[in-house]
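**Q** This is the structure I have questions about; it appears just below.
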Amino acid sequence: MSAKAVLTTHDGDLLENPTVFCEMVGSLQYLTITRPDIAFAINSVSQFMSQPRALHLIAAKRILRYVKDTLGHGLYFSPQRQPTHLSAYFDADWAGCPESRRSTSGYLIYLGNTLVSWCSKKQFTIARFSAESEYRSLAHSNAETTWLGFLLYELGVHIQYPFCFTVII
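Anchor point for the sequence shown: position 116 equals 104 in my numbering, and the numbering is continuous, going up by one each time.
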């Protein structure tokens, strides 16, 4: 699914039997545990579970084809001898949903060179400014980074201070 593709609740005809769509999207949601590269696309199609349409099914099948073609992708964990640090990268679009005008936030958190946490989800409230949606994304990624820092401390892993980065386009 293209990052520029915008799906709406009125795209195409309603599916007569939405069970296939719901099962497919549910299975793909399960894959996001180890495949962060499909998190945004799954987030987009899963918003139409109650009334899926033909175009939504086509988008879900396209994601499924992508997964089939990239079976070797996933998470890789390797031992590290260098000092451990947390890095957080986050971003948000502003009013990305054409129907509700809600923004979508996302973040990636690395422990050293290993991705350990990620998220892509719609914000609960409508942001009036792009800076507001970016700030909410920062708050969510900061909360997760702080939680991971405390978890690692409890496990006896000492980390350097986290590094955060965002690009406003």
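The beta carbon of each residue, even a glycine, is placed where N, CA and C say it ideally should be.
With DSSP run on the structure shown, which of helix, strand or coil describes Gly62?
**A** coil
**Q** What's the gap between the Cα of Glu142 and the Cα of Ile97?
**A** Rounded to whole angstroms, Glu142 to Ile97 spans 18 Å at the Cα level.
**Q** Pull up the CB-CB distance for His172 and Arg23, whole angstroms please, since I reckon it's below 8 Å.
**A** Here the chain comprises residues numbered -11 to 157, so residue 172 is not present and cannot be evaluated.
**Q** Given that a residue counts as buried once 16 or more other Cβ atoms are within 10 Å of its Cβ, and exposed if not, what is Arg41?
**A** buried
**Q** Is the distance from the Cβ of Ser125 to the Cβ of Asp79 below 8 Å?
**A** In contact: Ser125 and Asp79 (Cβ atoms closer than 8 Å).
**Q** Which residues mark the beginning and the end of the alpha helix (DSSP H) in which Trp135 is found?
**A** 118 to 142 is the span of the alpha helix (DSSP H), which, as asked, contains Trp135.
**Q** Which of the three DSSP states is assigned to Asp79 in this structure?
**A** If DSSP states are grouped into helix, strand and coil, Asp79 belongs with the strands.
**Q** From Glu122 to Val(-6), what distance separates their C-alpha atoms?
**A** 20 Å
**Q** So for Ile30, helix, strand or coil by DSSP?
**A** If DSSP states are grouped into helix, strand and coil, Ile30 belongs with the helices.
**Q** Taking the continuous alpha helix (DSSP H) assigned at Gly14, which residues delimit it?
**A** 7 to 19
**Q** Could you pull the DSSP bridge partners for Tyr95 from this structure?
**A** Phe78, Cys107
**Q** Below 6 Å CB to CB, which residues in the same chain sit around Arg90 once its five sequence neighbours on both sides are set aside?
**A** Lys110, Gln111, Ile114
**Q** In angstroms, rounded to a whole number, what distance separates the CA positions of Leu74 and Gln39?
**A** 40 Å
**Q** Taking the Cβ atom as the reference point for each residue, do Val145 and Thr58 lie within a distance shorter than 8 Å?
**A** no
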